[in-house]
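Below is one structure, written out as structure tokens; comments come after it.
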Amino acid sequence: MTPLALTFQQVQDWAVIWLPIIFMGLIAVVRVYMLRLMPRTKPQEIKPQSAESIKWDDVAGVEEAKDELREVVE
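With the numbering used here as the guide, the letters of the sequence shown map in order to residues 188 to 261.
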């Protein structure tokens, strides 16, 4: 038998050891690739001084909402 000849058992041992490692490596590479594709945005800060204050009179349908609330309470 030559030293280059491989038996089925040797091939099976190689597959049992290396295929899961290769599979996990591929999963890691795909995950890193997907993370790079995701946008890196920060949430907008809301500054309370910059917005105008909204009052109940400014909201459309306030009277109708009040009437419906009165009906529910009664």
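No residue lacks a Cβ here, since even glycine has one placed at the ideal position from N, Cα and C. Given the structure is predicted, the values throughout are model-derived calculations rather than measurements.
Span of the alpha helix (DSSP H), counted from its first residue to its last, around residue i
i, result
"Arg223", "195 to 224"
Assigned secondary structure, residue i (DSSP; H/G/I helix, E/B strand, else coil)
i, result
"Ala252", "helix"
"Arg257", "helix"
Inter-residue Cα distance where the pair is residue i and residue j
i, j, result
"Met188", "Thr194", "For Met188, the predicted model reports a pLDDT of 49, less than 50, meaning its position is unreliable; a value from the coordinates is still stated below. Computed Cα separation, rounded: 11 Å."
"Leu213", "Glu232", "38 Å"
"Leu256", "Lys229", "39 Å"
"Val260", "Leu222", "51 Å"
"Tyr220", "Ile208", "18 Å"
"Gln199", "Leu206", "10 Å"
"Ala252", "Arg227", "41 Å"
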